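Chemist: I have a structure here, written as C-alpha cells, and I will follow up with some questions on it.
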Amino acid sequence: MATNEIMTINMGPQHPSTHGVLQLILELDGETVVKATPHIGFLHRGVEKLAENRSYHRALPLTDRLDYLAPMSNNLGYVLAVEKLLGIEDEIPQRAKVVRVMMAELTRIKSHLVWLATHALDIGAMTVFIYCFRERELIMDMYEKLSGARMTSNYFRVGGLSLDLPDGFEQDVKNFIDAMPGHLETYEGLLTGNAIWQKRTRGVGYISAADAIDIGLTGPALRASGVDWDLRRDNPYSGYEEYDFKVITREGCDTFDRYTARLDEMRESCKIIQQCLDKLEDGPILADNPGVSLPPKENVLNSIEGLIHHFKLVTDGFKPEPGEIYQGIEAPKGELGYYMVSDGSANPYRMKIRPPSFVNLQALPQMVEGALLADVIATIGTLDIVLGEIDR
Amino acid sequence: MPEMLSLSNDPILFIAVMLAKILAVFVVLLLIVAYATYAERKIIGHMQTRLGPTMTGPLGLLQPIADGLKLFFKEDIIPAQASKLAFILAPMMILVPAFITVAVIPFGGNIVIGGYTVPLQIADLNVGILFILAMEGLGVYGIVLAGWASNNKYSLLGGIRSAAQVISYELAAGLSIVAVFMLAETLSLSGIVEAQSGSVFNWFVFSQPLAFCVFFVTSVAEINRVPFDLPEAETELVSGFCTEYSSMKYALFFMAEYANMVVVAAVISTLFLGGPAGPFPGVINLLLKIFFFMFVLIWMRATFPRVRYDQLMFMGWKVFLPLALLNIVITGAVIVL
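Protein chains in written order, with numbering that gives the first Met the number 0: chain C, 0 to 391; chain U, 0 to 336.
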C-alpha cells in the first residue's frame with residue numbers, strides 16, 4: 000500500500016482513448032491529475048534509419064506509415080524535400096502541383112474527420128464517430144481509385160505524380176466537397192450547441208499563446224491559441240500562394256476553440272479543393288527531367304533506350320549533390336518537416352523527420368496538470384496525435 | 000353477482016397465484032431485458048446509418064440468445080489478486096435489487112378469476128415508494144463492491160464514482176417524488192395509480208412537471224445511463240467497475256443495466272403517467288409507456304456526450320436538489336391554499 004494519497008495509474012498503451020499506443024503515467028489525487036508523464040516508443044520502426052539504406056524513390060513508401068491518417072501529406076513533404084535537394088522545384092508541371100494541393104487538402108479533411116470522430120467518441124458522443132467515418136470512407140474510396148491503396152497511398156513521385164487522375168475522379172471530388180459543408184453542419188448540430196459538449200470542452204486543456212510558441216506547438220492547436228501562423232500562407236510550397244483561403248485562428252486557447260478551428264479548416268479546405276478543380280488543366284504530370292523521372296511505360300516496353308533508362312533509374316536511383324535542406328509543410332496536425340542530408344550517393348545520408356504530433360504531445364503534461372481524469376482524455380483528443388509519426 | 004372471495008382465506012391458492020404472478024412477471028422482464036439489448040443495437044444502428052444485428056436469425060432476432068450463449072460458454076476469470084467472495088457476490092447484488100423492485104409495480108387493476116379477486120401486482124406494500132428507493136440505493140453496493148473487489152485501479156475509480164453519483168442523485172430523486180405523494184396522500188403505488196385515475200389530465204406529469212423532469216434525469220443518473228454513465232465510461236475508465244468481469248458475471252452486469260432501465264421506466268410510468276391507465280388493457284398500456292421511456296433512454300445514448308464527474312456532482316447538489324426542494328415548497332403552498 001502506498002502511504003501517500005497519490006495513486007499512480009498506467010493509462011495505455013492498451014487503453015481505448017490513447018489513440019494508438021501512447022502510455023501516460025498518471026499520478027492522481029482522487030480524480031485530479033497531479034502529474035502526467037507520456038511514454039512513447041511502442042510503435043518505433045526506425046523509419047529514419049531505414050531510409051538511409053534505400054534510394055530516394057524507395058524511401059517514399061516509408062513516409063506513408065508516419066501519420067497513417069494523412070499519408071498523402073507525408074508523401075508531399077517528402078517529395079518536396081527531395082525536389083528541393085535536387086534543385087528541381089521549378090520543373091514540376093502545373094497539373095502535378097494542382098493535384099498535389101488537391102490531394103493534400105482532401106487528406107487534411109480526412110485527417111480532421113478521424114480527429115473529430117475519435118475526439119467526440121472519447122467524450123462520449125458515439126453518433127458523430129460513425130458519421131465522420133462515413134464521410135472519411137468516401138475519401139478512402141478516392142484514394143483507392145487514385146493509387147490502388149486506401150491508406151498507404153504512395154502516390155506522389157519525386158518530380159510529379161505516379162499516375163494521372165482516373166476517369167470521373169474530378170466529379171467524385173466535386174460531389175464530395177459539395178456535400179461536405181452539409182455534413183459539417185450535422186456534426187455541429189450534434190456537438191457545438193450541446194450544453195454537455197460545451198461544458199466538457201470550454202476551458203479544458205488551456206494553453207496560452209506564449210506557452211504554445213515556447214513548446215513549439217504547430218497546426219490548429221497553435222492557431223486556436225491565437226497565433227496566426229500557417230506555412231501554406233507564410234512559407235508557401237507547391238503553389239499555395241495562388242490559392243485564396245483564410246487562416247483560421249481562435250483566441251480561446253481551449254479544447255472548444257480547437258474544435259471549432261478544425262471544423263472551419265475543413266470548410267476552407269473545401270474551398271481550396273474547389274479552386275484546384277477550377278485550375279486543373281491537361282498537361283504532363285511528371286517533370287521533364289530524365290535524371291529523376293521514370294520514362295513513360297510505353298517507352299519502357301517498346302524501346303531499348305526506354306528500357307535502359309528505366310533500369311538505370313530503378314537500380315541506381317538519382318544522386319543529388321552533397322548538401323542539406325529543410326522542407327516544412329502544413330500537415331493536418333501541424334508543421335511536418337523533413338531535414339535531408341545528401342552525401343552525393345543515391346541514398347539519403349540522413350532523413351530527419353519533424354513530426355507535428357511529437358512536438359504537440361509535449362504540451363500535454365502542462366495542459367492536463369490539475370485537471371480531472373476525464374479532461375486528460377479530452378486533451379489527448381484535442382491535440383490530435385498519431386503515434387505512427389511520434390515513434391516513427 | 001357472485002360473492003367476492005378473498006384469496007387470503009385460502010393459503011394454497013394464494014401461494015399458487017402468487018407464484019404464477021412472480022413467474023409471469025419474471026419471464027416478461029427477462030424477455031424485455033434480452034430484447035432491449037437487441038432493440039438498443041437496432042435503434043442506435045439506424046440512428047447512426049448502420050443496420051445493427053442482421054445475421055443471427057431473421058432480422059437478427061436471435062442475437063440476444065446468441066449473445067447469452069456466447070457469454071455462458073466463456074471462461075470465467077477471477078483475477079488472482081481479487082477479493083474472491085466479494086467479486087462473486089457483486090454482480091448478484093446489482094441484479095437482484097433491480098428485479099425485486101418490479102414486485103411493487105402495479106401492472107393492472109384487479110381482475111376476477113373464478114370468483115376470486117386477483118390484484119395485478121405482486122405485492123401492494125403500503126410503503127411502495129420507499130421500497131423502490133431503498134432497492135435502487137442497494138444496487139450501488141454491487142457496483143462499489145465490484146470496483147473494490149476487482150483490485151484494479153480503473154474499477155476502483157468506477158466504483159467510487161458510482162457511490163458518489165448515486166448518493167447525490169438519490170436525494171434529489173427522493174425529494175422530487177415527495178411532491179407526488181403529497182398529492183396522492185399515500186406511499187402505496189396502487190394508491191398513487193388510483194389517485195391519477197379518471198382522466199389523462201389527472202396524471203401527475205401535468206400537475207408535477209418539475210418533479211417529473213427532476214425524477215427522470217436523476218433516475219437516468221442512478222442507473223448509470225448516458226450521459227451519466229461515468230462508472231462505466233468506456234473511453235475513460237475502460238469499462239470501469241466491470242473491467243475485470245467475464246462470462247456470466249459480466250452478463251449479469253449487462254442484464255442489470257437493462258433491468259434497471261425497465262424498472263426506472265416502469266416507476267416513472269407509474270408515478271407520473273398513471274401506470275396501467277390508458278386505452279388498452281392495463282398491462283399493455285404500462286408496457287407501452289415502459290417502451291417509450293426505454294426508447295428515450297436509448298435515443299439519449301445515441302445523442303449525448305458524457306458529463307464530467309465534477310459537473311455531475313455540481314448538477315446533483317446545486318441544481319436538482321434545490322429544484323426538488325423548491326417543488327415541494329410550491330406543492331405544499333398550492334395544497335394549503
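Note that the Cβ used here is the ideal one computed from N, Cα and C, for glycine as well. All figures in this text were calculated on a predicted structure; none of them were measured in a lab.
Give me the Cα-Cα distance between V157/C and A58/C, rounded to the nearest whole angstrom.
Modeler: Looking at the two C-alpha atoms, the distance is approximately 11 Å.
Chemist: Spell out whether any CB of chain U is found under 7 Å from the CB atom of K48/C.
Modeler: By this cut-off, K48/C is not an interface position.
Chemist: Would you decide whether I14/U is buried or exposed? Buried here means 16 or more other CB atoms lie within 10 Å of its CB.
Modeler: By the neighbour-count rule (16 or more Cβ atoms within 10 Å), I14/U is not buried but exposed.
Chemist: For the 8 Å Cβ check, are there 3 or more pairs between the segment 208 to 217 of chain U and the segment 166 to 175 of chain U?
Modeler: Taking 8 Å as the limit for Cβ pairs, the verdict is that the segment 166 to 175 of chain U does touch the segment 208 to 217 of chain U.
Chemist: What are the boundary residues of the beta strand (DSSP E) that V117/U is part of?
Modeler: That run of the beta strand (DSSP E) goes 115 to 118.
Chemist: Note down, in chain order, each residue of its chain lying with its Cβ closer than 7 Å to the Cβ of A339/U, except the 5 sequence neighbours on either side.
Modeler: Not covered by the structure: residue 339/U. The range shown for chain U is 0 to 336.
Chemist: Within the segment 250 to 323 of chain C, note down every full alpha helix (DSSP H) run reaching 4 residues or more, in order along the chain.
Modeler: As far as the segment 250 to 323 of chain C is concerned, its whole alpha helix (DSSP H) runs of at least 4 residues are 254 to 278, 296 to 301, 303 to 315.
Chemist: Using a Cβ-Cβ cut-off of less than 7 Å, list which residues of the segment 210 to 226 of chain U approach chain C; keep chain order.
Modeler: Those would be V225, P226, in chain order.
Chemist: Give a yes or no on whether 7 Å exceeds the smallest Cβ distance from K152/U to chain A.
Modeler: Chain labels in this structure do not include chain A; the protein chains are C and U.
Chemist: So which of D163/C, A223/C, T378/C has the shortest CA-CA distance to R261/C?
Modeler: Of D163/C, A223/C, T378/C, the residue nearest in Cα terms is A223/C.
Chemist: Tell me the rounded alpha-carbon separation between G51/U and Q62/U.
Modeler: When rounded, the distance between both Cα atoms is 10 Å.
Chemist: Identify which residue in Q310/U, S175/U, A102/U, F271/U has its Cα closest to the Cα of T200/C.
Modeler: Answer by Cα proximity: Q310/U.
Chemist: Going by the beta-carbon positions, is the gap between S356/C and E323/C smaller than 7 Å?
Modeler: Contact flag unset, no.
Chemist: Indicate the three-state DSSP secondary structure (helix, strand or coil) for H56/C in the structure shown.
Modeler: The answer is helix: DSSP assigns H56/C an H, G or I state.
Chemist: Report all residues from its chain with a CB closer than 7 Å to the CB of L230/C; omit the five preceding and five following residues, and keep chain order.
Modeler: For L230/C, where only same-chain residues beyond five positions count, the Cβ hits under 7 Å are G327, I328, E329, E334.
Chemist: Return yes when the Cβ of L296/U is within less than 7 Å of the Cβ of L94/U, no when it is not.
Modeler: No, Cβ-Cβ distance for L94/U and L296/U is not below 7 Å.
Chemist: At what residues does the beta strand (DSSP E) containing R349/C begin and finish?
Modeler: Taken as a continuous stretch (DSSP letters only), the beta strand (DSSP E) holding R349/C covers 349 to 353.
Chemist: Would you call the CB atoms of L21/C and A35/C closer than 7 Å?
Modeler: No, Cβ-Cβ distance for L21/C and A35/C is not below 7 Å.
Chemist: Which residues, in chain order, does the segment 301 to 321 of chain U contribute to contact with chain C at a C-beta distance below 9 Å?
Modeler: Going along the segment 301 to 321 of chain U in chain order, one finds A301, T302, F303, P304, R305, V306, R307, Y308, D309, Q310 with a Cβ nearer than 9 Å to chain C.
Chemist: Give me the Cα-Cα distance between F41/C and H14/C, rounded to the nearest whole angstrom.
Modeler: Their backbone Cα atoms lie some 13 Å apart in a straight line.
Chemist: Find out if the Cβ-Cβ distance for the pair T116/U, N109/U is shorter than 7 Å.
Modeler: Yes, the pair counts as a contact, with Cβ atoms nearer than the cut-off.
Chemist: With three or more beta-carbon pairs closer than 8 Å as the criterion, would you say the segment 235 to 252 of chain C touches the segment 121 to 141 of chain C?
Modeler: The segment 235 to 252 of chain C vs the segment 121 to 141 of chain C: no contact.
Chemist: Around the Cβ of Q80/U, are there at least 16 other Cβ atoms within 10 angstroms (buried) or fewer (exposed)?
Modeler: Its Cβ having fewer than 16 others within 10 Å, Q80/U is exposed.
Chemist: Consult DSSP for R156/C and reduce its assignment to one of helix, strand or coil.
Modeler: It is a strand residue.
Chemist: Name the one or two DSSP bridge partners that K34/C has.
Modeler: Answer is E26/C.
Chemist: Kindly indicate which three-state DSSP category Y205/C falls into: helix, strand or coil?
Modeler: Coil at Y205/C, not helix or strand.
Chemist: From the DSSP output, in three-state form, read off I110/U for me.
Modeler: I110/U: strand per DSSP, three-state reduction.
Chemist: Check for me: the beta strand (DSSP E) holding G51/U runs from which residue to which?
Modeler: First-last for G51/U: undefined, no H or E at that position.
Chemist: When burial is assigned at 16 or more other CB atoms within 10 Å of the CB, is R224/U buried or exposed?
Modeler: Burial call: buried.
Chemist: Just list the residues that DSSP pairs A330/C with in beta bridges.
Modeler: DSSP, once it has assigned bridges, lists G333/C as partnering A330/C.
Chemist: Please report the residue range of the beta strand (DSSP E) in which T7/C lies.
Modeler: First-last of the beta strand (DSSP E) with T7/C: 6 to 10.
Chemist: First and last residue of the alpha helix (DSSP H) that includes I77/U?
Modeler: It is not in any alpha helix (DSSP H) - I77/U carries neither H nor E in the DSSP assignment.
Chemist: In whole angstroms, give me the CA-to-CA distance for G197/U and K20/U.
Modeler: G197/U and K20/U: Cα-Cα distance of roughly 26 Å.
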